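Notes for the one structure printed next.
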Amino acid sequence: MNDAMNRPVTEVAGVGEETAKQLQGLRIYTVGDLLEHFPFRYEDYKLKDLHEVKHEERVTVNGAVQSEPTVRYFGKKKNRLSFRFLVNQILITVTFFNRAFLKSQISVGSELTITGKWDQHRMTITGSELHKGREEKEQTISPIYSVSGKLTTKGIHKFIYQAMNQYGSEIDDILPSEILHMYKLPSKKEALSRLHFPPNAESMKHARRRMVYEEFLLFQLKMQAFRKANRDHTNGRALQVPDYEISVFIDNLPFPLTGAQRRVVHEIITDIQSSYRMNRLLQGDVGSGKTVVAAICMYAVIRAGYQAALMVPTEILAEQHVQSLKGILEPYGIPVELLSGSVKGKKRAERLALLENGDLPLVVGTHALIQDDVKFHKLGLVVTDEQHRFGVEQRRVLRDKGENPDVLFMTATPIPRTLAISVFGDMDVSIIDEMPAGRKKIETYWAKPDMLERVLEFIEKELRAGRQAYVICPLIEESEKLDVQNAIDVHMILEQHYKGKWKVGLMHGRLHASEKEAVMESFSVNETQILVSTTVVEVGVNVPNATIMVIYDAERFGLAQLHQLRGRVGRGEAQSYCVLLADPKSEVGKERMKIMTETNDGFVLSERDLELRGPGDFFGAKQSGLPDFKVADVVHDYRALEVARQDAVKLVESAEFWTEKRYEGLRRYIEEKGVLNGQKID
Ligand code: ADP
Ligand code: MG
8 MNDAMNRPVT EVAGVGEETA KQLQGLRIYT VGDLLEHFPF RYEDYKLKDL HEVKHEERVT
68 VNGAVQSEPT VRYFGKKKNR LSFRFLVNQI LITVTFFNRA FLKSQISVGS ELTITGKWDQ
128 HRMTITGSEL HKGREEKEQT ISPIYSVSGK LTTKGIHKFI YQAMNQYGSE IDDILPSEIL
188 HMYKLPSKKE ALSRLHFPPN AESMKHARRR MVYEEFLLFQ LKMQAFRKAN RDHTNGRALQ
248 VPDYEISVFI DNLPFPLTGA QRRVVHEIIT DIQSSYRMNR LLQGDVGSGK TVVAAICMYA
308 VIRAGYQAAL MVPTEILAEQ HVQSLKGILE PYGIPVELLS GSVKGKKRAE RLALLENGDL
368 PLVVGTHALI QDDVKFHKLG LVVTDEQHRF GVEQRRVLRD KGENPDVLFM TATPIPRTLA
428 ISVFGDMDVS IIDEMPAGRK KIETYWAKPD MLERVLEFIE KELRAGRQAY VICPLIEESE
488 KLDVQNAIDV HMILEQHYKG KWKVGLMHGR LHASEKEAVM ESFSVNETQI LVSTTVVEVG
548 VNVPNATIMV IYDAERFGLA QLHQLRGRVG RGEAQSYCVL LADPKSEVGK ERMKIMTETN
608 DGFVLSERDL ELRGPGDFFG AKQSGLPDFK VADVVHDYRA LEVARQDAVK LVESAEFWTE
668 KRYEGLRRYI EEKGVLNGQK ID
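Residue numbers (my numbering): 8 to 689.
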């Protein structure tokens with residue numbers, strides 16, 4: 008922003024100290040802040056025919072009063088005024104809240120123009136404005152601002168008008184003219200003016216388009232410049248990975264890799280062999296075989312003389328990974344050990360020592376891995392599994408261990424592309440988009456709770472065929488204790504039901520590590536046939552003989568989580584099933600259940616989930632890492648986001664961007680954000 012925009016807002020005529028204080032409540036400090044305080048909606052004063060108006064839409068109509076207004080009082084301050092009103096042959100009711108004083112302006116037969124919200128079912132307009140006679144304004148679209156304290160929309164509009172008058176000619180364009188031309192975007196000055204003083208809907212749309220693009224481009228430039236800085240920053244360590252040994256290792260796996268697995272292994276190994284510091288996201292749907300990809304890469308790093316660490320979110324998962332990695336790596340003389348909360352005392356001290364002197368090449372663990380006392384001899388690669396469970400901060404701590412290790416983030420959460428490029432724009436991405444051969448679609452059914460009997464019979468049918476079942480218990484927001492209680496209750500009911508026939512296990516977060524281990528062990532060798540569990544089994548657990556999953560109160564889970572849970576079955580050759588026990592009341596809830604029965608594709612699900620819930624809910628608002636855009640909306644403007652990303656990539660890769668004058672504004676923006684000083688965005 009140039010000088011004019013950085014001036015204190017008090018330099019705008021009419022804005023005194025008192026007003027400035029009020030404006031601070033809206034985080035407006037400078038002229039620029041004021042001009043970028045965009046309307047959150049617009050009032051449309053164009054006269055309309057009620058036939059064209061949708062339910063709950065805002066509208067301005069002209070008509071004649073048909074009844075004397077009546078006023079009802081509720082206490083001292085609250086009241087409701089209403090009267091009958093004829094608009095173009097349609098008789099409706101008009102209601103104003105807490106505006107009893109309007110009564111004197113309303114008399115039977117008089118002509119009025121009313122603006123408000125249309126309720127189609129009740130044939131009522133809840134009014135916000137009233138004018139006598141037929142009033143058709145010249146400027147029919149009028150901005151409405153968020154306000155605070157004593158500020159009003161009118162007042163803010165006046166200050167903005169004044170600011171435009173004083174400083175409008177000094178508004179610089181941060182976007183170079185070639186971009187404005189290419190996309191036929193108005194200049195910044197023009198765009199600001201149209202958004203605050205819209206001449207018509209069409210030109211306002213273009214103005215908005217411009218501001219959306221600018222916001223996205225700046226954001227993406229920041230990301231891409233950071234990514235480039237990260238890439239250019241070598242860790243000075245091009246690992247010598249013996250290709251031949253890797254080939255042998257891959258050939259000795261119990262199955263051939265899928266094409267997609269081969270491709271991503273190649274991408275990752277290329278990064279490891281280069282002197283770049285790898286910062287890569289590996290995305291692959293549940294069951295697509297990410298673990299073996301990680302194993303190959305860790306093997307490569309270890310063969311090159313470095314250590315590797317695998318970090319996972321739960322103890323159960325850590326133990327499973329230790330088991331399967333031991334199976335793959337110990338034949339090559341590579342020891343694998345666990346480091347988690349349950350590894351204590353002498354054992355822990357021993358393992359820490361082995362890590363520090365380099366005798367333990369591979370460690371698998373939970374958060375315990377990022378504690379201060381964990382030191383590595385030569386850490387070359389860090390892999391995190393199900394990375395969305397880790398906070399950004401934890402990821403950073405891990406990345407900073409050792410001497411800039413390469414980092415691979417694995418996730419089965421099929422993040423919609425739109426979000427992935429915003430949240431992970433600073434990473435390279437590898438995608439496994441192919442399932443191992445022979446996998447069958449998991450048949451998914453949605454059953455109402457009163458069909459429980461039949462569901463239990465269905466479980467039994469599978470058990471008789473030698474299969475096993477998961478039963479997942481309701482999720483209670485914010486309360487692990489209640490989750491556990493639910494699991495205990497359901498466990499009791501099922502034990503009763505299947506008494507003498509089948510064994511039912513119980514798993515929840517309150518069990519000790521050793522108890523969990525025993526429960527999992529018993530289930531994986533089919534000593535217990537049914538496992539009742541809270542969502543702790545959600546990620547990564549692998550028991551291929553389990554073919555049926557029942558989820559109680561499925562409507563309480565998000566689609567992404569249901570999909571994760573469902574991924575616990577369908578891991579072997581046999582046909583698998585998932586039953587969602589749910590009685591959702593809302594349309595969205597019903598829609599979710601339907602989508603689950605319709606598709607097995609995690610990416611499709613995630614896109615739908617995003618549409619239904621919005622991005623904040625998708626990761627939980629805190630974790631989303633999405634910046635606050637003023638105008639743009641990641642969900643609705645995702646096409647613009649994609650375009651901006653491509654443009655940002657092109658820009659930072661081009662030599663001109665870093666030298667030519669017309670990019671100065673953009674460059675300064677990136678520098679101000681500290682991207683190039685090696686600072687991290689998170
Ligand atoms: P995820 O990507 O969900 O972590 P896993 O790595 O746990 O998936 O793999 C799921 C199952 O598929 C495991 O039992 C694994 O051994 C098996 N698997 C992985 N890759 C292949 C392959 N190329 N062919 C056959 N089975 C495979
Ligand atoms: Mg996995």
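C-beta: ideal position from N, C-alpha, C; glycine also.
Bear in mind the structure is a predicted one, so any value in this text is a computation, not a measurement.
Item to check | Cα-Cα separation between Pro-481 and Arg-87, rounded to whole angstroms | outcome: 44 Å
Checklist entry - From Arg-615 to Leu-367, what does the alpha carbon distance come to, in whole angstroms? => result 44 Å
Checklist entry - Do Ile-121 and ligand 4 come close, with the Cβ less than 8 Å from some heavy atom? => result Inclusion of ligand 4 in the displayed structure is not the case, the ligand content consisting of ligand 1 and ligand 2 alone.
Item to check | Touching by the beta-carbon criterion (3+ pairs, under 8 Å), the stretch 664-679 and the stretch 76-94 | outcome: no
Checklist entry - With distances taken between CB atoms, is the gap from Leu-317 to Val-371 smaller than 9 Å? => result yes
Item to check | CA-to-CA distance, Asn-552 to Gly-579, given in whole angstroms | outcome: 6 Å
Checklist entry - My guess is that Tyr-174 and Tyr-220 are in contact by the Cβ rule of under 8 Å, so how many angstroms apart are they, rounded? => result Contact doesn't hold; Cβ gap of about 23 Å is too wide.
Item to check | Every unbroken alpha helix (DSSP H) inside the stretch 123-200 [4 residues or more] | outcome: 160-174 and 184-190
Item to check | Where the beta strand (DSSP E) through Lys-85 begins and ends | outcome: 85-94
Checklist entry - Which residues bound the alpha helix (DSSP H) around Asn-207? => result Per DSSP, Asn-207 belongs to no alpha helix (DSSP H) and is neither H nor E.
Checklist entry - Quick one: what's got a C-beta closer than 6 Å to Met-417's C-beta in the same chain, skipping five residues either side? => result Leu-289, Lys-297 and Asp-392
Checklist entry - Under 9 Å between the Cβ atoms of Met-603 and Leu-658? => result no
Checklist entry - For Phe-47, does the count of other Cβ atoms within 10 angstroms reach 16, so buried, or fall short, so exposed? => result exposed
Next on the checklist: Please tell me whether Leu-137 and Phe-104 are closer than 9 Å, where the distance is taken between their beta carbons.
Outcome noted: no
Next on the checklist: For ligand 1, I want to know if Ile-439 counts as a neighbour, meaning its beta carbon is within less than 8 Å of at least one of the ligand's heavy atoms.
Outcome noted: yes
Next on the checklist: Let me check understanding here. Comparing Cα to Cα, which of Ala-236, Gly-340, Pro-205 and Lys-235 lies closest to Phe-256?
Outcome noted: Gly-340
Checklist entry - For Gly-53, is the classification buried or exposed, using 16 other Cβ atoms within 10 angstroms of its Cβ as the cut-off for buried? => result Just to set this straight, residue 53 is Lys in the shown sequence, not Gly. Exposed: under 16 other Cβ atoms inside 10 Å.
Checklist entry - Can you list, in chain order, the residues of its chain whose CB lies under 6 Å from that of Ile-275, leaving out five sequence neighbours each side? => result Cys-304
Next on the checklist: Can you tell me whether Gln-268 sits near ligand 1, meaning its C-beta is under 8 Å from at least one heavy atom of the ligand?
Outcome noted: yes
Checklist entry - Grouping DSSP H, G and I as helix and E and B as strand, with all else coil, what is Pro-456? => result helix
Next on the checklist: To the nearest angstrom, how far is the alpha carbon of Arg-270 from that of Asp-440?
Outcome noted: 10 Å
Item to check | Assigned exposure category for Gly-334 - 16 Cβ within 10 Å defines buried | outcome: exposed
Next on the checklist: Please tell me whether, using a cut-off of 8 Å, the distance from the CB of Leu-332 to the nearest non-hydrogen atom of ligand 1 is below it.
Outcome noted: no
Next on the checklist: Does Ser-613 come out as helix, strand or coil in the three-state DSSP assignment?
Outcome noted: helix
Checklist entry - Could you check where the alpha helix (DSSP H) with Ile-257 kicks off and where it finishes? => result 250-258
Next on the checklist: Between Leu-264 and ligand 1, is there a pair consisting of the residue's CB and a ligand heavy atom that are separated by less than 8 Å?
Outcome noted: yes
Checklist entry - Since Phe-104 sits in a beta bridge, which residues does DSSP pair it with? => result Arg-87
Next on the checklist: Alpha carbons only, please: which of Asp-379, Ile-438, His-570 and Glu-594 is nearest the one belonging to Leu-587?
Outcome noted: His-570
Checklist entry - Hey, Val-248 and Arg-287: beta-carbon distance below 9 Å or not? => result no
Item to check | First through last residue of the beta strand (DSSP E) which encompasses Ile-35 | outcome: Per DSSP, Ile-35 belongs to no beta strand (DSSP E) and is neither H nor E.
Checklist entry - Measuring CA to CA, which of Lys-468, Ala-589, Asp-126 and Lys-212 is closest to Glu-59? => result Asp-126
Next on the checklist: Please state whether the Cβ-Cβ distance between Gln-475 and Ile-558 is less than 9 Å.
Outcome noted: no
Checklist entry - Looking at C-alpha atoms only, which residue of Gly-516, Val-478 and Lys-508 is the closest neighbour of His-498? => result Val-478
Checklist entry - By Cβ distance below 6 Å, which residues in the same chain neighbour Val-272 in space, the five residues on each side in sequence not counted? => result Val-300 and Ile-303
Item to check | Distance between beta carbons of Ser-583 and Thr-554, contact taken as under 8 Å | outcome: 4 Å
Checklist entry - In the structure shown, what three-state DSSP assignment does Ala-489 receive? => result It should be pointed out that residue 489 corresponds to Leu in this sequence rather than to Ala. Helix, per DSSP.
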